[in-house]
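Asks: Protein chains in written order, with the working numbering: chain Y, 114 to 600; chain P, 59 to 191. Where a beta carbon is used, it is the ideal one built from N, C-alpha and C, also for glycine. Since we're looking at a predicted model, the values are computed, not measured.
1. Is residue 534/Y helix, strand or coil by DSSP?
2. Identify every run of the beta strand (DSSP E) within the region 502-532 of chain Y, keeping only runs that are complete inside it and at least 3 residues long; order them along the chain.
3. Alpha helix (DSSP H) containing residue 646/Y: first to last residue?
4. Quick one, which residues of the region 124-158 of chain Y are near chain P if we go by CB-CB under 8 Å, in chain order?
5. Taking 7 Å as the limit between beta carbons, can you name the residues of its chain near residue 170/P, skipping five residues before and five after?
6. Do residue 527/Y and residue 83/P have their C-beta atoms closer together than 8 Å?
7. Below 8 Å on the Cβ atoms is my guess for residue 316/Y versus residue 259/Y; work out the distance and round it to an integer in Å.
8. Classify residue 582/Y as buried or exposed, calling it buried when 16 or more other Cβ atoms lie within 10 Å of its own Cβ.
9. Based on the DSSP output, what are the partners of residue 453/Y in its beta bridges?
10. Mapping the DSSP letters down to three states, classify residue 569/Y as helix, strand or coil.
11. Assign residue 66/P to one of three DSSP states: helix, strand, or coil.
12. Given that residue 497/Y touches chain P, what residues does it touch there, using C-beta distances under 8 Å?
13. With 16 as the cutoff for other CB atoms within 10 Å, does residue 75/P come out buried or exposed?
14. Rounded to a whole number of angstroms, what is the C-alpha to C-alpha distance between residue 151/P and residue 353/Y?
15. Under a three-way DSSP split, which group does residue 543/Y fall into?
16. Roughly how many angstroms lie between the CA atoms of residue 411/Y and residue 391/Y, to the nearest whole one?
17. Within 10 angstroms of the Cβ of residue 124/Y, are there 16 or more other Cβ atoms? Answer buried if so, exposed if not.
18. Among residues of its own chain, excluding the 5 on either side of residue 180/P, which ones have a beta-carbon nearer than 6 Å to its beta-carbon?
19. If the cut-off is 7 Å on Cβ atoms, which residues from the region 63-74 of chain P count as contacting chain Y, listed in chain order?
20. Are residue 458/Y and residue 358/Y touching if we call contact CB-CB under 8 Å?
21. By DSSP, does residue 558/Y sit in helix, in strand, or in coil?
22. Please decide whether residue 112/P counts as near chain Y, where near means a Cβ-Cβ distance under 8 Å.
23. I'd like to know if the region 215-227 of chain Y and the region 376-387 of chain Y are in contact, where contact means that at least 3 CB-CB pairs between them fall below 8 Å.
24. In this structure, what does DSSP give as the bridge partners for residue 391/Y?
25. Return the CA-CA distance between residue 178/P and residue 251/Y, expressed in angstroms with no decimal places.
26. Assuming residue 321/Y contacts residue 233/Y under a Cβ cut-off of 8 Å, what Cβ separation, rounded to an integer in Å, is found between them?
27. In three-state DSSP terms, what is residue 474/Y?
28. Could you compute how far the alpha carbon of residue 504/Y sits from the alpha carbon of residue 408/Y?
29. Does the count of Cβ pairs from the region 287-296 of chain Y and the region 124-135 of chain P closer than 8 Å reach three?
30. Give me, in chain order, the residues of the same chain whose beta-carbon lies closer than 6 Å to that of residue 173/Y; leave out the 5 immediate sequence neighbours on both sides.
31. Compare the C-beta of residue 88/P against all C-beta atoms of chain Y and say whether one is closer than 8 Å.
32. Name the residue from 332/Y, 344/Y, 450/Y, 364/Y whose alpha carbon lies nearest to the alpha carbon of residue 377/Y.
33. Taking the beta strand (DSSP E) that residue 315/Y falls in, what are its first and last residues?
34. Less than 8 Å between C-beta atoms, sequence neighbours within five positions excluded: which residues of the same chain meet that for residue 556/Y?
35. Kindly indicate the opening and closing residues of the beta strand (DSSP E) around residue 184/Y.
36. Looking only at DSSP bridge pairs, what is residue 342/Y linked to?
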């Protein structure tokens with residue numbers, strides 16, 4: 114066992130803060146590798162040391178392998194945590210870390226290569242006797258040949274970038290006539306996003322739940338599963354609300370899916386934290402993909418199991434054993450996570466940028482807030498517009514929902530628009546309350562922008578702030594310049 | 059950000075407020091509102107014949123990924139004319155009017171700022187007879 118002395122963090126925002134804190138608690142020094150745009154962030158303030166590795170544009174900094182390695186070496190780091198997104202699932206990067214003498218906190222480059230590529234992951238799943246979704250995962254990129262395969266797979270279907278994730282390079286095609294247009298767009302996004310235009314096809318289930326299982330391995334063949342999370346509330350294939358456990362699975366189903374996920378991870382002697390994603394439709398599970406990294410929503414698993422996944426990652430990276438036995442992992446209560454985005458729910462979810470004029474989280478028992486920005490910091494257009502993750506735990510699901518609604522009411526963000534009104538509307542929706550929502554939920558009920566409530570500016574606030582207002586002023590709220598411009 | 063206790067319609071409200079230029083952002087009863095004084099003239103965003111919104115503007119900063127029309131083309135309402143990428147997502151921007159493309163200041167790969175003009179469209183003026191149909 115080789116203790117990590119100094120850990121480089123090749124990420125930003127709330128996940129960088131999360132990793133910095135876990136490492137510091139373990140007595141590990143932290144070095145934040147950040148872009149020029151991220152000097153004014155919480156991670157920058159919390160890290161023991163900061164090194165600027167490039168310009169704001171991710172390609173020059175967070176996605177620049179050479180710059181990241183150079184920064185980590187210059188800081189004298191002996192290990193590197195990639196967080197999620199950016200280079201976290203890049204096998205070449207993991208390999209470059211190893212070659213540079215940096216312990217990569219994650220699976221081996223070989224695992225990332227095999228499982229990160231969705232096509233090879235599907236083949237491995239089949240070998241490991243894990244049920245998969247019907248589709249085409251061959252090499253052909255010719256559009257006529259792919260159309261033929263599309264017809265064989267059946268519509269509706271999904272076109273996925275083989276190296277994609279988080280909704281990029283992913284298109285739903287309802288019928289044959291739309292196929293070529295969607296294919297071209299998917300290939301273009303895949304080329305731009307991952308430098309590889311290869312795509313594959315998959316049958317699209319209209320009404321399925323997104324269920325994923327957290328797994329954890331020691332790299333020597335020993336694997337545990339940390340039960341499931343449900344992430345059916347997605348928009349444009351990006352998760353918005355996640356919870357653990359899933360609302361509707363029976364205990365038998367939960368144990369079944371846990372064992373299936375474990376089988377896949379054990380098959381490749383997986384090391385560290387990973388997530389096996391499944392679609393759940395008609396009482397059956399279908400393997401979708403494996404994410405070879407920590408997930409944004411790892412927090413809900415931590416809440417119901419009382420574990421620290423980031424610390425476990427660091428322990429295993431040091432060559433230590435998995436800190437839990439399978440039989441000790443017993444979920445208790447219910448946890449929900451809401452992703453708080455800087456976007457305008459009244460204008461089609463357009464990202465909202467600018468300085469954060471006010472930020473306040475309503476702390477309390479079973480309430481957890483993960484954020485990377487503080488009051489005075491700025492939401493820029495360079496990166497994902499997530500401001501924070503709001504996480505609650507309570508003894509059962511109805512109480513957790515109740516608690517989250519209160520947290521949403523009491524969370525204050527001024528200066529940029531947020532999706533709080535949308536999150537609240539989702540939590541109050543009957544399908545969500547029943548737990549019957551599927552991945553169609555957002556597309557079915559929340560396609561249109563929310564209607565902005567009409568309010569007049571209370572003169573009492575004006576006078577408290579010593580602002581002069583006229584009667585006409587009192588009615589005048591921000592215009593909706595983008596209404597109608599979005600579909 | 060200031061925290062205030064104010065009496066509104068006889069009820070005590072806890073309000074969080076912050077000023078930004080002439081705008082006031084405030085949080086009350088779980089919602090955030092933005093107030094701006096009337097005297098501040100809104101930016102005239104379009105010079106099109108039928109008023110605001112004829113042109114396609116950048117709703118946020120981002121990179122132009124595809125230009126689907128060229129100067130001189132006639133576009134229909136709802137037709138996708140230009141694509142941009144911002145915050146990891148691709149957005150298809152549509153024409154709000156039927157008209158002739160007059161100007162496209164950006165090329166693929168260029169970075170546009172919020173409110174930049176992306177496609178200038180001269181609305182087609184319908185002949186009176188056609189308009190009646």
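Replies: Short version:
1. In the first chain, counting from the first residue as 1, residue 534/Y sits at position 421. In the structure shown, residue 534/Y sits in a helix (DSSP, three-state: H, G or I).
2. 525-527
3. The structure shown does not extend to residue 646/Y, since chain Y spans only 114 to 600, so no value can be given for it.
4. none
5. Here residue 170/P corresponds to residue number 112 of the second chain, with the count starting at 1. Result list for residue 170/P: 116, 119, 120, 122, 142, 164, 176, in chain order.
6. In the first chain, the residue the question calls residue 527/Y occupies position 414. In the second chain, the residue the question calls residue 83/P occupies position 25. Their beta carbons are under 8 Å apart, which means residue 527/Y touches residue 83/P by this criterion.
7. Position 203 of the first chain, counted from the first residue, corresponds to residue 316/Y. Position 146 of the first chain, counted from the first residue, corresponds to residue 259/Y. That belief does not hold up - the Cβ atoms of residue 316/Y and residue 259/Y are roughly 14 Å apart, past 8 Å.
8. In the first chain, the residue the question calls residue 582/Y occupies position 469. Burial call: buried.
9. Here residue 453/Y corresponds to residue number 340 of the first chain, with the count starting at 1. Residue 453/Y pairs with 501/Y.
10. Locating residue 569/Y in the first chain gives position 456, where the first residue counts as 1. It is coil, neither helix nor strand.
11. For this step, residue 66/P is matched to residue 8 along the second chain. Strand.
12. Mapped onto the first chain, residue 497/Y falls at position 384. Near residue 497/Y (Cβ distances below 8 Å), the residues of chain P are 145, 146.
13. Residue mapping note: residue 75/P aligns to position 17 of the second chain, counting from 1. It is buried - the Cβ of residue 75/P has at least 16 other Cβ atoms within 10 Å.
14. Start at 1 with the first residue of the second chain, and residue 151/P comes out as number 93. Start at 1 with the first residue of the first chain, and residue 353/Y comes out as number 240. If you take the alpha carbons of residue 151/P and residue 353/Y, they lie about 24 Å apart.
15. By one-based count along the first chain, residue 543/Y stands at place 430. Three-state DSSP puts residue 543/Y in a helix.
16. If you number the first chain from 1, residue 411/Y lands on position 298. If you number the first chain from 1, residue 391/Y lands on position 278. The alpha-carbon atoms of residue 411/Y and residue 391/Y are separated by roughly 16 Å.
17. Walking along the first chain from the start, residue 124/Y turns up at place 11. Buried, since its Cβ has 16 or more Cβ neighbours within 10 Å.
18. Reading the second chain from its first residue, position 122 is the one you call residue 180/P. Cβ neighbours of residue 180/P beyond the five flanking positions: 157, 158, 160.
19. 64, 65, 66, 73, 74
20. Counting from one through the first chain, the residue named residue 458/Y turns up at place 345. Counting from one through the first chain, the residue named residue 358/Y turns up at place 245. No, the pair does not count as a contact, with Cβ atoms beyond the cut-off.
21. Counting from one through the first chain, the residue named residue 558/Y turns up at place 445. In this structure, residue 558/Y counts as helix in the three-state DSSP scheme.
22. Here residue 112/P refers to the residue found at position 54 when the second chain is read from its first residue. Output row for residue 112/P: interface = no.
23. yes
24. As a first step, residue 391/Y is located in the first chain; it is residue number 278 there, counting from the start. Bridge partners of residue 391/Y: 324/Y, 400/Y.
25. Here the question's residue 178/P lines up with position 120 in the second chain. Here the question's residue 251/Y lines up with position 138 in the first chain. Spanning the two alpha carbons is a distance of roughly 43 Å.
26. Stepping through the first chain from its first residue, residue 321/Y is reached at position 208. Stepping through the first chain from its first residue, residue 233/Y is reached at position 120. Actually they are not in contact, since the Cβ atoms of residue 321/Y and residue 233/Y sit about 23 Å apart, beyond 8 Å.
27. Numbered from its first residue, the first chain carries residue 474/Y at position 361. Residue 474/Y: coil per DSSP, three-state reduction.
28. Start at 1 with the first residue of the first chain, and residue 504/Y comes out as number 391. Start at 1 with the first residue of the first chain, and residue 408/Y comes out as number 295. Cα to Cα, the separation comes out at about 14 Å.
29. no
30. What you label residue 173/Y is simply residue 60 of the first chain in a count that begins at 1. 167.
31. Residue numbering aside, residue 88/P sits at position 30 when the second chain is read from its first letter. Cβ-Cβ to chain Y under 8 Å: yes for residue 88/P.
32. On the first chain, residue 377/Y is found 264 positions in, with the first residue counted as 1. Per the Cα distances, 332/Y.
33. Residue mapping note: residue 315/Y aligns to position 202 of the first chain, counting from 1. That run of the beta strand (DSSP E) goes 312-316.
34. Taking the first chain and counting its residues from 1, the one referred to as residue 556/Y is at position 443. Taken in chain order, the residues that qualify are 348.
35. For the purposes of this step, residue 184/Y is taken as the residue at position 71 of the first chain. Per DSSP, residue 184/Y belongs to no beta strand (DSSP E); it is in the alpha helix (DSSP H), 178-187.
36. Residue 342/Y sits at position 229 when you count from the first residue of the first chain. According to DSSP, residue 342/Y bridges with 325/Y.
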